[in-house]
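**Q** For what it's worth, the working numbering labels the leading residue of the sequence shown as 304, then goes sequentially.
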Amino acid sequence: MAAFRRPKNLRDSLVHSSASRRDTVGSGPCNISRCMTCTSITSSTTFTSTITRKSYNILHSLSCHSLNVIYLITCNLCSKQCVGLTSQTLRKRFNTHRFNTNNDRGDAVAKHFNLPGHTISHAKITPIDQLLTADMIGLQNKETFWIHSLQTLEPQDTLRIAGPPTPHRRSTQVAGTSEQVVLLTQPTTKLPCQLPSTKVMHTSVHPGVLWEEPHQTQSINDDRRVPS
Numbered sequence: 304m305a306a307f308r309r310p311k312n313l314r315d316s317l318v319h320s321s322a323s324r325r326d327t328v329g330s331g332p333c334n335i336s337r338c339m340t341c342t343s344i345t346s347s348t349t350f351t352s353t354i355t356r357k358s359y360n361i362l363h364s365l366s367c368h369s370l371n372v373i374y375l376i377t378c379n380l381c382s383k384q385c386v387g388l389t390s391q392t393l394r395k396r397f398n399t400h401r402f403n404t405n406n407d408r409g410d411a412v413a414k415h416f417n418l419p420g421h422t423i424s425h426a427k428i429t430p431i432d433q434l435l436t437a438d439m440i441g442l443q444n445k446e447t448f449w450i451h452s453l454q455t456l457e458p459q460d461t462l463r464i465a466g467p468p469t470p471h472r473r474s475t476q477v478a479g480t481s482e483q484v485v486l487l488t489q490p491t492t493k494l495p496c497q498l499p500s501t502k503v504m505h506t507s508v509h510p511g512v513l514w515e516e517p518h519q520t521q522s523i524n525d526d527r528r529v530p531s
């Protein structure tokens, strides 16, 4: 009995290329058929804050198909940025941003890319960090860390600000300790990539910069900045 092996075709080559891409540290397209995010995702091993000009390394192999990621959206026209999180695949989350923008929904990303001269095609998305397990608290902690590091909070109609209005101050005691912390509340400020929620702010190492602090936030030490 004779057996014959089919020669490799174009499909085999594309599948092999996609699998190899996931073994490479950095961000890049998933190369999955009909993925609408591949043309918007950044192919890079680093990402940079357009405010601080600091660059950071991407430590995971990330693509449009990655789950449980922190992502950075950058406007190609005005260099404004926002940080968001998703427990779904990145392409599903970006599809939501695209849908909201095309239908003029009320979130800040949609508002920005509906400004005169802007379209969603001006958005570049970069997955910058990932949790390997589904843990929403851990994902929120990472999002808070990168919002602070990249300084991407926004007021009403932009994706970010360098210094918001002076917030209200109040002191509270950390449960089980004698430590006092100062909380800053800013009810008019919201995160660009999430639905509005109760805002509890506190000061960063940079005066005048605020970011949202999720409940049960833990300390994250992430020294991945690219040397200048």
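Even glycine gets a Cβ: it sits at the ideal position worked out from N, Cα and C.
Using the Cβ count rule (16 or more neighbours within 10 Å means buried), how would you classify Ile-440?
**A** Classification of Ile-440: exposed, given that the 10 Å Cβ count is below 16.
**Q** Are the CB atoms of Ser-330 and Ser-358 nearer to each other than 8 Å?
**A** no
**Q** What does Ala-426 pair with, by DSSP beta-bridge criteria?
**A** Cys-378
**Q** Confirm, please, whether the CB-CB distance from Asp-410 to Asn-417 is below 8 Å.
**A** no
**Q** Considering only the alpha carbon of each residue, which of Thr-447, Thr-345, Ser-369 and Ser-424 lies closest to Leu-435?
**A** Ser-369
**Q** Just how far apart, CA to CA, sit Pro-285 and Thr-349?
**A** With the chain covering 304 to 531 only, the question about residue 285 has no answer from this structure.
**Q** Taking just the CA atoms, how far does Ile-373 sit from Ser-343?
**A** 16 Å
**Q** For the alpha helix (DSSP H) containing Gly-441, name the first residue and the last one.
**A** 439-453
**Q** Could you give the first and the last residue of the continuous beta strand (DSSP E) run that contains Val-386?
**A** 384-389
**Q** Are the beta-carbon atoms belonging to Ile-423 and Thr-404 less than 8 Å from one another?
**A** yes
**Q** Let me know the secondary structure DSSP gives Leu-365 once reduced to three states.
**A** strand
**Q** Please check if any C-beta of chain C sits within less than 8 Å of the C-beta of Leu-380.
**A** Among the protein chains of the structure shown there is no chain C, as only one such chain exists.
**Q** Excluding the 5 residues flanking Asn-371 on each side, which residues of the same chain have their C-beta closer than 7 Å to its C-beta?
**A** Ser-390, Gln-433, Leu-434, Ala-437 and Leu-442
**Q** Could you tell me the alpha carbon to alpha carbon distance between His-421 and Ser-352, rounded to whole angstroms?
**A** Take the alpha-carbon of His-421 and the one of Ser-352: they are about 21 Å apart.
**Q** How long is the line joining the alpha carbons of Thr-327 and Ser-364, rounded to whole angstroms?
**A** 6 Å
**Q** Alpha carbon to alpha carbon, what distance is there between Lys-414 and Cys-338?
**A** Annotation: Cys-338 to Lys-414 spans about 24 Å, alpha carbon to alpha carbon.
**Q** Relative to the C-alpha of Trp-449, which candidate in Pro-332, Asn-360 and Leu-393 has its C-alpha closest?
**A** Asn-360
**Q** Output the boundary residues of the alpha helix (DSSP H) element that contains Arg-399.
**A** With the sequence shown as reference, residue 399 is identified as Thr, and Arg is not the correct amino acid for it. Counting along the chain, the unbroken alpha helix (DSSP H) around Thr-399 starts and ends at 393-405.
**Q** Threshold first: 3 residues or longer. Then list the beta strand (DSSP E) segments lying entirely within the region 325-365, N to C.
**A** 349-351 and 358-360
**Q** Leaving out five residues before and five after Ser-323 in sequence, what residues of the same chain have Cβ atoms less than 6 Å from its Cβ?
**A** Because Ser-323 carries a pLDDT of 38, less than 50, the predicted location of this residue cannot be relied on, and the following value inherits that uncertainty. None.
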